[in-house]
Amino acid sequence: MEKEKIILIVSHCPDALISKRISLLKNKYQVFVLYNERGNKNFNFIKGVKYVKLHCKFENGKLISRIAKLIKLRNEIQTMIKEIKPQVLYAFRLDMLWLTINKMTKKKKIIYEVADLHEIVINNSKNKIKLIAKKLIKFIEKKLCRYIDILSITSEKFYDVYFKEFVEENKVVYMPNIPDLKYFEKYKKIRKDKFTIGFIGVVRYKEQMKMLMEATKDSDVKVLFAGSSQDNEIEKIAKRNSWVEYYGKYNYSKDIAKLYSKCDCIYSVYDTKYNNVKYALPNKLYESIYCELPIIVSKNTYLSEIVQKLGVGCSVEDKNVTELKKIIDKLKNNKDYYDEIVINCKKNKKKIKLETYNYYFLEKINSIENKKG
11 MEKEKIILIV SHCPDALISK RISLLKNKYQ VFVLYNERGN KNFNFIKGVK
61 YVKLHCKFEN GKLISRIAKL IKLRNEIQTM IKEIKPQVLY AFRLDMLWLT
111 INKMTKKKKI IYEVADLHEI VINNSKNKIK LIAKKLIKFI EKKLCRYIDI
161 LSITSEKFYD VYFKEFVEEN KVVYMPNIPD LKYFEKYKKI RKDKFTIGFI
211 GVVRYKEQMK MLMEATKDSD VKVLFAGSSQ DNEIEKIAKR NSWVEYYGKY
261 NYSKDIAKLY SKCDCIYSVY DTKYNNVKYA LPNKLYESIY CELPIIVSKN
311 TYLSEIVQKL GVGCSVEDKN VTELKKIIDK LKNNKDYYDE IVINCKKNKK
361 KIKLETYNYY FLEKINSIEN KKG
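Residue numbers for the sequence shown follow the numbering used here, beginning at 11 and rising by one.
So, in structure tokens, the structure goes:
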């Protein structure tokens, strides 16, 4: 019996999260991925999956240009849907959901995944333009979500602070950004000459990256930055500081275990003036737990709540270099404190099994299929 077809519609080159979803779905479906060539062009193609590069390139921050290109892209995506004739559509981000839904596709099974809430829809700005944009986006999202069968979110907080107003709870699936542990098979703790704090991921929130370098300049520790960035400002500063290593862009599947092996502690302090930071749960949380490494996060965030509850790290004010320095010194010099966090990471490993969430997700899809006959 021929498998049903599913199309994943993505606004960028498939990243680690998208690849996890593809790996989950490919045993049940014929998987097609429509993507725009943004981000890591050297991503891993998964065997047996049909990838289709769309003929549109977006530029970050250029909203008007993006909207114009979205209109052109909509026709291309609708054409591909007609040709492939999928039973299931899986849209990542609001713009891709908008491109997906029309009279024809409303009757299909639709999954909508939100990995991050857009700052516009959760900001508290009194700026008139931002308020209008917020209301408009929310209006569009509310209207489109009437046609979805599943809302997949990476943080339970997203539902509480936003989607609760217009999406039924029984449509929601919580899919935390837990790593595929096959990429960590070669991970092992390595004894290092110096205590090393690693930031692994997209290098942004520059103020907090600079704060890390400032806090460690007299602490006899090493700092590792690994990940792509929009510009080279942090890289330039890092290269002027002898205790900082700037690894740069990496291939997740090939390099992630090696990078975590370089670290004694993971840095995940972001700027809390952005509301999305307050509610998101980054993959660093789960990666650090698996690797049994303490994680440093921003206070007054949902991430901080989870970290404190599980006892797997510590929290600091996102602009307090003195507090950060004290925490780093404590992790470096207080073995009992450090070891207690490591023990808590070991205790909580059972909570970060990707298979558990994957099983529930597939069951949810199956239940929707049964309802639609």
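In this text, a Cβ means the ideal position worked out from N, Cα and C, and glycines have one as well.
Burial state of residue i, where buried means 16 or more other Cβ atoms lie within 10 Å
i           : result
residue 328 : buried
residue 112 : exposed
residue 122 : buried
residue 369 : exposed
residue 141 : exposed
residue 154 : buried
residue 235 : buried
residue 195 : exposed
residue 146 : exposed
residue 42  : buried
residue 335 : buried
residue 11  : exposed
residue 81  : exposed
residue 282 : buried
residue 285 : buried
residue 173 : buried
residue 383 : Confidence in residue 383 is poor, its pLDDT being 43 and thus under 50, which makes the residue's placement unreliable; the coordinate value appears in the next sentence. Exposed, by the Cβ-count rule.
Among the options, the one whose alpha carbon lies nearest that of residue i
i           : options               : result
residue 229 : 135, 21, 340 and 26   : 340
residue 266 : 103, 182 and 208      : 208
residue 205 : 331, 275, 371 and 352 : 275
residue 158 : 254, 120 and 194      : 120
residue 197 : 269, 376 and 213      : 269
residue 372 : 182, 133 and 298      : 182
residue 21  : 332, 110, 185 and 131 : 110
residue 361 : 322, 237 and 24       : 322
residue 78  : 105, 99 and 125       : 105
residue 365 : 185, 320 and 264      : 185
residue 218 : 231, 243 and 201      : 243
residue 258 : 286, 83, 50 and 337   : 50
residue 188 : 149, 223 and 358      : 358
residue 238 : 222, 224 and 256      : 256
residue 32  : 149, 100, 64 and 47   : 100
residue 272 : 231, 295 and 280      : 231
residue 330 : 125, 308, 161 and 173 : 308
residue 18  : 201, 252, 52 and 63   : 63
residue 280 : 264, 260, 298 and 314 : 314
residue 44  : 102, 61 and 92        : 61
residue 27  : 59, 124 and 213       : 124
Span of the beta strand (DSSP E), counted from its first residue to its last, around residue i
i           : result
residue 184 : 182-184
residue 154 : First-last for residue 154: 138-154, but that is the alpha helix (DSSP H), not the beta strand (DSSP E).
For residue i, the three-state DSSP class (helix, strand or coil)
i           : result
residue 345 : helix
residue 20  : strand
residue 279 : coil
residue 263 : helix
residue 173 : helix
residue 207 : strand
residue 381 : The predicted model places residue 381 with a pLDDT of 44, which falls under 50 and marks its position as unreliable, so this point remains unresolved.
residue 107 : helix
residue 178 : coil
residue 271 : helix
residue 15  : strand
residue 370 : helix
residue 7   : In the structure displayed, the chain extends from 11 to 383; residue 7 sits before or after that span and is not available.
residue 122 : strand
residue 39  : strand
residue 338 : helix
residue 163 : strand
residue 361 : helix
residue 196 : coil
residue 117 : helix
residue 376 : helix
residue 354 : helix
Limits of the unbroken alpha helix (DSSP H) element including residue i
i           : result
residue 28  : 26-35
residue 297 : 293-300
residue 191 : Run containing residue 191: none; DSSP gives neither H nor E here.
residue 289 : 285-289
residue 132 : 129-132
Quiz item: Could you give the uninterrupted runs of the beta strand (DSSP E) lying entirely in the region 209-261, keeping only those of 3 residues or more?
Solution: Here the runs fully enclosed are 232-236 and 254-258.
Quiz item: Taking only runs of the beta strand (DSSP E) that begin and end inside the region 302-336, which ones reach a length of at least 3 residues, in chain order?
Solution: Taking only runs of at least 3 residues, the beta strand (DSSP E) segments lying wholly in the region 302-336 are 305-308 and 323-326.
Quiz item: Which residue spans inside the region 52-101 form an unbroken beta strand (DSSP E) run of at least 3?
Solution: Annotation: the region 52-101 contains the following complete segments of the beta strand (DSSP E) (minimum length 3 residues), in chain order: 60-63.
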